[in-house]
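The working numbering applies: residue -12 is where the sequence shown begins, and numbers increase by one.
Ideal Cβ placement from N, Cα and C applies to all residues, glycine included.
Predicted model, so just to flag it, every value in this text is computed and none were measured.
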Amino acid sequence: MAMEGGMKCVKFLVFVFNFIFWVCGVALIAIGLYAQVALNKALVVTSASASSTPIAIVVVGVIIFFISFFGCCGAWKESYCMVTTLPIAPVLSCPWPQP
């Protein structure tokens, strides 16, 4: 599929910004895992919320990683399915309020 100059620019920008978010997702996963390991090496964790914070960071990192991965691959391969997954995935990944 041939693209005009403006669409090449948009494709490149979508790829670059999703790649930056992908790197941030990897960084969050690494920071969360490091915090979890460092927290387990600490003497005693007295509160449950202190031990669940690194796990929450890892979960957020994994969500960002997968969403930005779909955006990167969708922009690079010009895949309609992956590009449409990009705006739908954050809506599906947010927790719904409990009644």
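Assuming the contact rule is C-beta atoms closer than 8 Å, residue i and residue j should be a hit. Round their C-beta distance to whole Å, please.
i          : j          : result
residue 16 : residue 49 : 6 Å
residue 1  : residue 76 : At roughly 15 Å, the Cβ-Cβ gap does not stay under 8 Å, so residue 1 and residue 76 are not in contact.
residue 44 : residue 12 : At roughly 11 Å, the Cβ-Cβ gap does not stay under 8 Å, so residue 44 and residue 12 are not in contact.
Tell whether a beta-carbon distance below 9 Å holds between residue i and residue j.
i          : j          : result
residue 72 : residue 57 : yes
Taking the alpha-carbon of residue i as reference, which of the options has the nearest alpha-carbon?
i          : options        : result
residue 4  : 81, 46, 78, 60 : 60
residue 55 : -7, 70, 19, 41 : 70
residue 23 : 78, 81, -8, 39 : 39
residue 66 : -7, -2, -8, -9 : -2
For this session: Kindly provide the ranges of any alpha helix (DSSP H) runs that are 4 or more residues long and lie completely inside the segment 13 to 71, ordered along the chain.
Result: Segments of the alpha helix (DSSP H) lying fully in the segment 13 to 71: 35 to 64.
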